[in-house]
Amino acid sequence: MLLSLLRKYYSHLLFLISVLVLSRVLLLNFYPDFSNYYYGAKLAFSGGNPYMGDYHFFSQYLYPPIFTILFFPFTFFTFQIAEKIWTVLSLSAFFVTIYLIFKLLKEDIFKTQNLLLFGIILLTFFPTKFTLGMGQANMFIFLLFALSIYSYHLDRKTISGFFLAFSILLKVFPVFLILFFIINKKWKILVAFAIFSCVFLAATYFIVGGNINIYFVKNVLPSLLSGWKTDYYNQALTGFIGRATNNLQIRIFFKIILSAIIFLITLFSFFKKTKSELTNLKIGIAISASLLINAFSWQHHFVWILFPLFATLFYIKKNHFQISSYALLLLSYILIAWNFPNPAGIPVILRSHVFYGGLILWGFDICLVCKSGFKTAKSIER
């Protein structure tokens, strides 16, 4: 009897175990990045400048001023209580986001194989654990993005623009999606995006104060758009190039060339006329490209790449692709999901494994879109 129940509900059991394992993050005593959010908001609303910092901050405060408004309600609680509330909200946002992604991809998340898949991801995907352990805001931003895309599919253009503006103003993610909407002439979404962006920026200016906003634009923003962060956790193109060579001229040359190539190929894929089922792959390409050529993309940012991973998996499954396609997607997943606890002990070329995985996924999706676009063009000619 017990064995038959286990055979029937093994995926549910694995999923429950994986949720419990992931929920151990609630037992941590400190969430470094959340301390920046919390004390940044506290300092901003007490007349100080969070960008100047104090001893409470785990690291330099580099977030847009709107973050101080978002995290101000948490300052009514003690730091210990606030960080637990934030972690519960982050976990909840993550599960809601994945549910929305499955829904817009027209997949039942409660199917045996999908629950099993989700459970395995919860156990093995390091960017998720890293985001939660650091107390990062990535889950909330991921949810805003998912709500924007979900609203887009429901043809609720104003709501889609609202959530897109909120997402991009918080972490400039995913900026390539704006180009996607421009090329596809989604003017109502873009107008809503522009209006809400202006409203959010104006509200932030008046609520937080002009001095903090001006200081961010003049002193902080330029540092976010330049520099060479060669830490292992930076898995963007800049991290890959920066770890490969110390020569600044070579770094700049390859950054410009490779960024231009990724940008132009991404743009080309957006122009390809394809069936509507390829829309989510194009959105996935926008996410992958944003992460690859960003000024820096820490490993925890790659939690956002779960969207193109799911979109690609369900597309090749629906269209009955060969096993080699699954193998390529699995390789991409492993490279992105992996983490070296002691990266100093491995060869430099292997330290960019997340970048390689993202590049493989981006390239694979480009091929799928272009191949489908070629077939669509031929059918139109006939």
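The opening residue of the sequence shown carries number 113 in my numbering; numbering runs sequentially from there. Virtual Cβ for every residue (Gly too), placed ideally from N, Cα, C.
>> Assess contact between the stretch 464 to 479 and the stretch 401 to 421, defined as three or more Cβ pairs (one per stretch) separated by less than 8 Å. Is contact present?
In response: Counting Cβ pairs under 8 Å, three or more are found: they touch.
>> Which runs of the alpha helix (DSSP H) at least 4 residues long sit entirely within the stretch 185 to 242? Give them in chain order.
In response: Annotation: the stretch 185 to 242 contains the following complete segments of the alpha helix (DSSP H) (minimum length 4 residues), in chain order: 191 to 216, 224 to 236.
> DSSP three-state call for W340: helix, strand or coil?
Replying inline: Correct three-state label for W340: coil.
>> Looking at the secondary structure, which residues open and close the alpha helix (DSSP H) in which P420 lies?
In response: Annotation: the continuous alpha helix (DSSP H) that includes P420 extends over 418 to 430.
>> Taking the straight line between their C-alpha atoms, what separation do you get for S338 and N346?
In response: 13 Å
>> Between which residues of its own chain and V332 is the CB-CB distance below 7 Å, once the five residues before and five after are set aside?
In response: Y163, L174
> Within the chosen definition, does the stretch 393 to 413 reach the stretch 230 to 239 through at least 3 CB pairs nearer than 8 Å?
Replying inline: yes
>> So for W410, helix, strand or coil by DSSP?
In response: strand
> Between L155 and F169, what straight-line distance do the alpha-carbon atoms span, to the nearest angstrom?
Replying inline: Put simply, the backbone Cα of L155 is about 11 Å away from that of F169.
> Grouping DSSP H, G and I as helix and E and B as strand, with all else coil, what is N346?
Replying inline: strand
>> Just to confirm my understanding: we take L234, look at its own chain, exclude 5 residues before and 5 after, and list those with CB closer than 8 Å. What are they?
In response: F127, S130, V131, V133, L134, T240
> With a Cβ-Cβ cutoff of 7 Å, do M251 and F206 count as a contact?
Replying inline: It is a contact, given that the beta carbons lie within the stated cut-off.
> Just how far apart, CA to CA, sit P176 and F288?
Replying inline: 19 Å
> In the structure shown, what three-state DSSP assignment does W450 receive?
Replying inline: coil
> Between L114 and the rest of its own chain, which residues show a CB-CB distance below 6 Å, the 5 nearest in sequence each way excluded?
Replying inline: Note that L114 has pLDDT 48, beneath the 50 cutoff, so the model's placement of it is unreliable and the number below is only indicative. Cβ within range, chain order: n/a, list empty.
> Between I428 and the rest of its own chain, which residues show a CB-CB distance below 6 Å, the 5 nearest in sequence each way excluded?
Replying inline: Result list for I428: S437, in chain order.
>> Can you give me the C-alpha to C-alpha distance between K196 and N451, rounded to a whole angstrom?
In response: 25 Å
>> Considering only the alpha carbon of each residue, which of I405, T350, I353 lies closest to I377?
In response: It is I405.
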